[in-house]
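In the numbering used here, the protein residues as written are 40 to 271.
All C-beta atoms, glycine included, are put in the ideal place defined by N, C-alpha and C.
Computed from a predicted structure; not experimentally measured.
Here's the structure we're looking at; comments come further down.
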């Protein structure tokens, strides 16, 4: 007698190992080229690459349970040139596919952070206001990025040097973040603006709406001449 389809399907599932069912999820690993400290239960895809020069024991440190998915790039540069250079990723943080994490100016990522596909955390850049017309000949600018516990960096978002993302904050997909995002807040847009708290409270429009150049000039003049209106 033929078995019911559902029963046959379940028998097939039982015959497949759990490892074979976890398609697209990196295997557990105890070491990875370029990583100085690797916690227990970390998953790192073989395609994850590390760019670094020199040796320092604490240049790239991953805590327990960190997962880094395929084609992610971790960039440290010269770890001996500056003690600020380095990447530290907290426990249970997930870096999804195609991420670009720069520790050239320092990158601290807390615990339970979600970093979406193709997100970029850029702690270094190039000075553009200096003497040489060739950008590559000017100095490198650096400033530490801090991502606090429980934050979520959405797919394709870009976080620039010197930015702090607060605990439990959300950066929307595709956002370009140039300024700090307070804990529990949601930021979106290019450039990113605070739009609301995670509780649903709207952020006051006046605080996140960019000022036009006329408004900036008027505000500056008013600050310099506080009694101008009274003299009229």
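Simplified DSSP assignment, three categories, for residue i
i, result
"residue 214", "coil"
"residue 163", "strand"
"residue 130", "coil"
"residue 175", "helix"
"residue 106", "strand"
"residue 226", "strand"
"residue 204", "strand"
"residue 83", "strand"
"residue 92", "strand"
"residue 117", "strand"
"residue 188", "coil"
"residue 70", "coil"
"residue 147", "strand"
"residue 199", "coil"
"residue 234", "strand"
"residue 62", "coil"
"residue 180", "strand"
"residue 100", "strand"
"residue 124", "coil"
"residue 152", "coil"
"residue 220", "strand"
"residue 209", "strand"
C-alpha distance - residue i paired with residue j, whole-angstrom precision
i, j, result
"residue 134", "residue 167", "30 Å"
"residue 137", "residue 87", "9 Å"
"residue 172", "residue 141", "25 Å"
"residue 207", "residue 197", "17 Å"
"residue 117", "residue 224", "34 Å"
"residue 121", "residue 234", "36 Å"
"residue 250", "residue 158", "Caution is warranted here: a pLDDT of 41 is assigned to residue 250, below 50, making its placement in the model unreliable, and the coordinate value is therefore given only provisionally. If you take the alpha carbons of residue 250 and residue 158, they lie about 28 Å apart."
"residue 123", "residue 147", "10 Å"
"residue 190", "residue 155", "11 Å"
"residue 219", "residue 192", "13 Å"
"residue 222", "residue 111", "26 Å"
"residue 89", "residue 176", "24 Å"
"residue 84", "residue 109", "5 Å"
"residue 244", "residue 95", "At residue 244, the pLDDT of 45 sits below 50, so the modelled position is not reliable and the matter cannot be decided from this model."
"residue 246", "residue 174", "For residue 246, the predicted structure reports a pLDDT of 46, less than 50, and the residue's modelled location is therefore unreliable. The matter cannot be settled from this model."
"residue 214", "residue 132", "20 Å"
"residue 71", "residue 188", "24 Å"
"residue 119", "residue 236", "40 Å"
"residue 93", "residue 151", "30 Å"
"residue 76", "residue 97", "7 Å"
"residue 203", "residue 64", "29 Å"
Beta carbon of residue i nearer than 8 Å to that of residue j
i, j, result
"residue 211", "residue 226", "yes"
"residue 143", "residue 163", "yes"
"residue 80", "residue 99", "no"
"residue 145", "residue 186", "no"
"residue 78", "residue 101", "yes"
Where residue i falls, given that 16 or more other Cβ within 10 Å makes a residue buried
i, result
"residue 229", "exposed"
"residue 238", "exposed"
"residue 69", "exposed"
"residue 106", "buried"
"residue 103", "exposed"
"residue 128", "buried"
"residue 115", "buried"
"residue 62", "exposed"
Cβ separation of residue i and residue j, assumed to be a contact under 8 Å, to the nearest whole Å
i, j, result
"residue 66", "residue 82", "6 Å"
"residue 161", "residue 199", "6 Å"
"residue 201", "residue 183", "7 Å"
"residue 181", "residue 169", "The pair is not a contact, with the Cβ atoms about 15 Å apart (cut-off 8 Å)."
"residue 216", "residue 231", "4 Å"
Any non-hydrogen atom of the ligand GDP closer than 7 Å to residue i Cβ
i, result
"residue 108", "With respect to the ligand GDP, the structure offers nothing, as it holds no ligand at all."
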